[in-house]
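All remarks here apply to the structure that follows.
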Amino acid sequence: MERYSRQVPLIGVDGQRKLATSSALIVGVGGLGSAVALYLTAMGIGKL
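First residue of the sequence shown: 31, per my numbering; consecutive thereafter.
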């Protein structure tokens, strides 16, 4: 949780845990899709 300490005040510990157990599908990893993948990973999404 230390890694995500800047966003925990916004979404809470429960929200961060929910992100960690969530998954996302990105169709097309071009210019926008690759940036979205990086941002989701940095947010702590569980599985891409």
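Even glycine gets a Cβ: it sits at the ideal position worked out from N, Cα and C.
Neighbourhood of A67 by C-beta, 7 Å cutoff - its chain only, sequence neighbours within 5 removed: I56, V59, L78
Cβ shell of K48 (< 8 Å), same chain only, five flanking positions each side left out: none
G76 and T51 closer than 8 Å at C-beta: yes
Strand pairing of S53, partner residues [DSSP]: K77
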